[in-house]
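Colleague: As numbered in the numbering used here, residues 87 to 400 make up the sequence shown, in order.
Yeah, the Cβ is synthetic: ideal placement off N, Cα and C, and Gly gets one too.
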Amino acid sequence: APGLFTRPPSPPPSTAETASTVSHDVADNAKARIPTEDWDGGYTFAPIKEWQVARAMTKRYGDDLYRTAVSDVVIVGAGSAGLTCAWALGTARPDLAITIIEAGVAPGGGAWLGGQLMSAMVVRKPAHAILVDIGVPFEDEGDFVVVKHAALFTSTVLSKVLALPNVKLYNATAVEDLITRPDPLGGGLRVAGVVSNWTLVTLAHGLQSCMDPQTITAPLVCSFAGHDGPFGAFSVKRLVATGMVEQLKNMRALNMTSAEDYIVNNTREVVPGLITGGMELSELDGANRMGATFGGMLASGVKAAKEAIKILDA
Ligand code: AHZ
87 APGLFTRPPS PPPSTAETAS TVSHDVADNA KARIPTEDWD GGYTFAPIKE
137 WQVARAMTKR YGDDLYRTAV SDVVIVGAGS AGLTCAWALG TARPDLAITI
187 IEAGVAPGGG AWLGGQLMSA MVVRKPAHAI LVDIGVPFED EGDFVVVKHA
237 ALFTSTVLSK VLALPNVKLY NATAVEDLIT RPDPLGGGLR VAGVVSNWTL
287 VTLAHGLQSC MDPQTITAPL VCSFAGHDGP FGAFSVKRLV ATGMVEQLKN
337 MRALNMTSAE DYIVNNTREV VPGLITGGME LSELDGANRM GATFGGMLAS
387 GVKAAKEAIK ILDA
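(1) Measuring straight from C-alpha to C-alpha, what distance separates ILE220 and SER386?
(2) Return yes when the Cβ of GLY168 is within less than 9 Å of the Cβ of ILE186, no when it is not.
(3) Tell me which residue opens and which closes the alpha helix (DSSP H) that LEU244 is part of.
(4) With a threshold of 8 Å, establish whether the CB of THR343 neighbours any heavy atom of the ligand AHZ.
(5) From PHE239 to GLY273, what does the alpha carbon distance come to, in whole angstroms?
(6) Does the beta carbon of ALA391 sit closer than 9 Å to a beta carbon anywhere in chain C?
(7) Near GLU123, what residues of its chain come up, given a Cβ to Cβ distance below 7 Å and the 5 sequence neighbours on each side ignored?
(8) Could you check how far apart the C-beta atoms of LEU340 and MET376 are, in whole angstroms? I think they sit under 8 Å.
(9) With 16 as the cutoff for other CB atoms within 10 Å, does VAL162 come out buried or exposed?
(10) Does the separation of the CB atoms of THR177 and MET383 fall below 9 Å?
(11) Run through the DSSP bridge pairs and tell me what SER205 is partnered with.
(12) If you draw a straight line from the C-alpha of ALA394 to the C-alpha of PRO133, how long is it?
(13) So, helix, strand or coil for ALA102, using DSSP?
(14) Do you know offhand how far VAL287's Cα is from LYS234's?
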């Protein structure tokens, strides 16, 4: 809604973009070849100092923290649903500053495998159209398609998301609380951002008396924290703890026939300022799980992106 969120003045340009920095884009990579340097014992690196390495990383991380402290959308969780949402939103709206927070070192959630020990990933139609758009190859089996390895999906969507200039991913970083404000449009509260910390700190709060977190302010948070588990269903659990939602209905048993349709059709703004999708939604709504079939996660990510655009443009 207009006036709901006023963006502070834009930060100065990133120091990573200084005149002395030469950027290499994908076009340069296309020209890549195995270099003709001396591979028989004469291979020598260009000189470097330890402080140059430290500063190359810290100045960019500092710039990123400064810039993303105010974001347009925060995505919680970089599993199959969260990454697909980031891709759909980031490509549709290059003007939006999107920040993804992923508790694990490795983004991807459960989508590095198709299920248990199995490599292949099953995606039911019509969600195969999302694979086509992202550029993930698959085999067509009629009503569903099969990606030869789930890691091919995750690495492809991840590489596309990370290449977007309007998206920043913080991994090894956990959302450990929500920011709330009185909702000017209604009587209750609205979500107005997230509270984040390095995951190792989040896991060790019991060992230190004060390890205060950081904040990211945003008019909209899209949460895809997965079903219950070590971190799972984080945002919806917090909605219950803060009184914004009465109780979780908890994920129901597996039903491949109905589960995916439900998740996609009900991906929505569950409280003002917070969209929930993917398997986190099953914990809130008491929806069935679907097991090892991923179309619902991909389509839930796209649906969340569409809802986000509607809300931000309202
Ligand atoms: O690390 C989590 C994972 O990568 C991350 N996450 C959870 N809590 C977080 C927090 N801060 C930051 N507090 C957090 N990150 O969220 C990601 C969730 O990914 P996922 O693959 O678990 O969930 P998804 O909903 O994207 O995909 C679910 C895939 C499933 S589960 C299932 C079944 O059980 O039947 N079927 C499918 C297809």
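Modeller: Looking at the coordinates:
(1) Approximately 15 Å between the Cα atoms of the pair.
(2) Cβ atoms of ILE186 and GLY168: closer than 9 Å.
(3) Residues 236-249.
(4) Taking the Cβ of THR343 as the reference point, every heavy atom of the ligand AHZ lies at 8 Å or farther away.
(5) In a straight line, the C-alpha of PHE239 is about 42 Å away from that of GLY273.
(6) No chain C appears in the structure shown, which is made up of a single protein chain.
(7) For GLU123, where only same-chain residues beyond five positions count, the Cβ hits under 7 Å are TYR129.
(8) Right, the Cβ-Cβ distance comes to about 7 Å (below 8 Å), so this counts as a contact.
(9) With 16 or more Cβ atoms within 10 Å of its Cβ, VAL162 is classed as buried.
(10) Not in contact: THR177 and MET383 (Cβ atoms no closer than 9 Å).
(11) Answer is none; SER205 lacks a bridge partner.
(12) Rounded to the nearest whole angstrom, the C-alpha separation of ALA394 and PRO133 is 47 Å.
(13) A caution first: ALA102 carries a pLDDT of 49, below 50, which makes its placement in the model too unreliable to give a value.
(14) CA-to-CA, the gap between VAL287 and LYS234 works out to about 37 Å.
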